[in-house]
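The number in our numbering is simply the position in the sequence shown, starting from 1, with 61 added.
Comments concern the structure below.
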Amino acid sequence: MIGDPKHDYLSAITYEFHPSLQGGWGSVWTWLALDSESKLIISHYIGQRDADSAWYFMRDLRVRTEGIFQLTSDGLRAYVDAVDAHFATSIHFAQLIKLYSSPDITGPDWFSAMSRVTGTLQNVRCGRPEPRFVSTSHVERLNLSLRMHLRRYARRTNAHSRKLANHKACVALWVAWYNFCRVNTAIRMTPCMAAGITSTIWTMRNLLTV
62 MIGDPKHDYL SAITYEFHPS LQGGWGSVWT WLALDSESKL IISHYIGQRD ADSAWYFMRD
122 LRVRTEGIFQ LTSDGLRAYV DAVDAHFATS IHFAQLIKLY SSPDITGPDW FSAMSRVTGT
182 LQNVRCGRPE PRFVSTSHVE RLNLSLRMHL RRYARRTNAH SRKLANHKAC VALWVAWYNF
242 CRVNTAIRMT PCMAAGITST IWTMRNLLTV
């Protein structure tokens with residue numbers, strides 16, 4: 062990503078679902094990197110919530126970006142070493158750590174009780190990130206779009222992928238559609254148009270015939 066280093070901000074967060082994987086049942090995570098200004102999904106990776114996946118995710122993000130920018134992630138420790146390995150101190154990096162309450166298991170919905178966010182902490186890892194831009198709100202909204210657009214991410218259903226390869230292909234197609242075809246209401250154009258990659262809204266025919 063090339064642009065004014067004062068205005069390029071990224072967020073990265075992990076995302077989980079439970080599919081039936083080749084060789085058995087398990088969990089995979091979808092890692093997403095979002096440009097907060099253009100809403101462009103710069104990178105995505107399907108893997109586990111571990112150091113190896115963080116390393117590959119950051120490596121892919123590194124080759125897709127240029128210049129100095131601000132990176133915000135959630136509090137996953139694996140990000141720290143991965144960012145250091147691929148970016149060293151060439152970017153401004155901070156983690157937003159959320160503080161949670163204990164889930165309420167006394168009511169009738171105790172089986173689906175979830176913790177509530179009670180506060181956040183900003184942990185600067187390198188550089189001098191702007192505190193007002195240390196946020197994961199945009200990428201969390203992207204997570205909601207992912208859940209709404211892809212049936213595979215619906216909770217408590219049997220809509221999961223039966224093969225890991227199918228899941229990867231589905232997510233890759235969704236990312237391409239999101240970037241090239243879908244008009245983002247916040248910026249009134251597609252993310253690729255906002256990023257200067259294309260000047261027109263692509264149709265699905267355009268996308269599938271390139």
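Ideal Cβ placement from N, Cα and C applies to all residues, glycine included.
Cβ neighbour criterion (16 or more within 10 Å) applied to residue i
i      : result
Arg213 : buried
Lys100 : buried
Ala233 : exposed
Tyr106 : buried
Gln131 : buried
Asn184 : exposed
Ser88  : exposed
Pro192 : exposed
Thr197 : buried
Met265 : exposed
Residue i, enclosing alpha helix (DSSP H) - first and last residue
i      : result
Ala233 : Leu225 to Phe241
Ser114 : Ala112 to Val124
Ala255 : Pro252 to Ala255
Coarse secondary structure for residue i, derived from DSSP in three states
i      : result
Thr270 : helix
Ala94  : strand
Val89  : strand
Glu127 : coil
6 angstroms CB neighbourhood of residue i in its chain, flanking five on each side removed
i      : result
Thr181 : Leu157 and Lys159
Ala256 : Ser99 and Leu101
Cys187 : Thr150 and Phe154
Thr179 : Leu160 and Ser162
Residue i: first and last residue of the uninterrupted beta strand (DSSP E) it sits in
i      : result
Ile102 : Ile102 to Gly108
Leu132 : Gln131 to Ser134
7 angstroms Cβ shell around residue i - same chain, five flanking residues per side excluded
i      : result
Trp235 : His210 and Leu211
Met175 : Pro164
Asp145 : none
Ala220 : Arg212 and Arg213
Arg243 : Thr251
Contained alpha helix (DSSP H) runs [length at least 4] in the region 148–217, N- to C-terminal order: 198–210
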